[in-house]
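Residue numbers (my numbering): 34 to 170. Remarks on the structure that follows.
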Amino acid sequence: MWKLYAVLSAVFAAATAILAKIGIKGINGNVATAIRTIVILFIAWGIVLASGEIRELKSITKNNLIFLALSGIATGLSWIFYFKALETGNVSKVAPIDKLSVAIALGLAFLILKEPIDAKTLIGAGLVVAGSIIIIL
Numbered sequence: 034m035w036k037l038y039a040v041l042s043a044v045f046a047a048a049t050a051i052l053a054k055i056g057i058k059g060i061n062g063n064v065a066t067a068i069r070t071i072v073i074l075f076i077a078w079g080i081v082l083a084s085g086e087i088r089e090l091k092s093i094t095k096n097n098l099i100f101l102a103l104s105g106i107a108t109g110l111s112w113i114f115y116f117k118a119l120e121t122g123n124v125s126k127v128a129p130i131d132k133l134s135v136a137i138a139l140g141l142a143f144l145i146l147k148e149p150i151d152a153k154t155l156i157g158a159g160l161v162v163a164g165s166i167i168i169i170l
C-alpha cells in the first residue's frame, strides 16, 4: 500500500505546485502559506475525528511531541520558502529544485536513521541531483 500512497503523494504534490502558483497571484507568499495551513488543519483533524483516531492522543509521548513539533517547524519553513520561490519563479523551475529534498532525505535517512542504501537508490538520487543542477543552469 505504501507505493500507492507515495504515488498519490507525488500526484497531489504536483497539483499543489500548479494550484499554488495560480492562487498566489497578487498576494504575499506568507499569506498564501497561512491560508493553505488552515485548510490542511481542518482536513487533518477532520480525518482524525471521522476515523475515531482521536483516542490515540492518549498514547503520544514527550518524544513524539518534540519530534512532531520539529517536523512541523521544518514543514512550515519549507512551505514558506516554497511559496516565496513560487512568487517570482516558474513552477517548471521551482518544483524540480524543491525535489532535491528527495536526495537530501535519502542521505539523512542513511546517516541519521541508519537505513540501508543500495546502488539503485544512490543512482536515482544522483539523477535527481543532476536533473536539478541542469534545471538551475
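Where a beta carbon is used, it is the ideal one built from N, C-alpha and C, also for glycine.
- Assignment of residue 57 by DSSP, reduced to helix, strand and coil, places it in the coil class.
- Residue 130 and residue 167 have their alpha carbons spaced roughly 10 Å apart.
- Annotation: residue 93 is outside any alpha helix (DSSP H) and is labelled neither H nor E by DSSP.
- Contact holds between the stretch 52-64 and the stretch 107-118, because three or more Cβ pairs, one in each stretch, are under 8 Å apart.
- When secondary structure is reduced to three states using DSSP, residue 164 falls in the helix class.
- Secondary structure of residue 147 (DSSP, three-state): coil.
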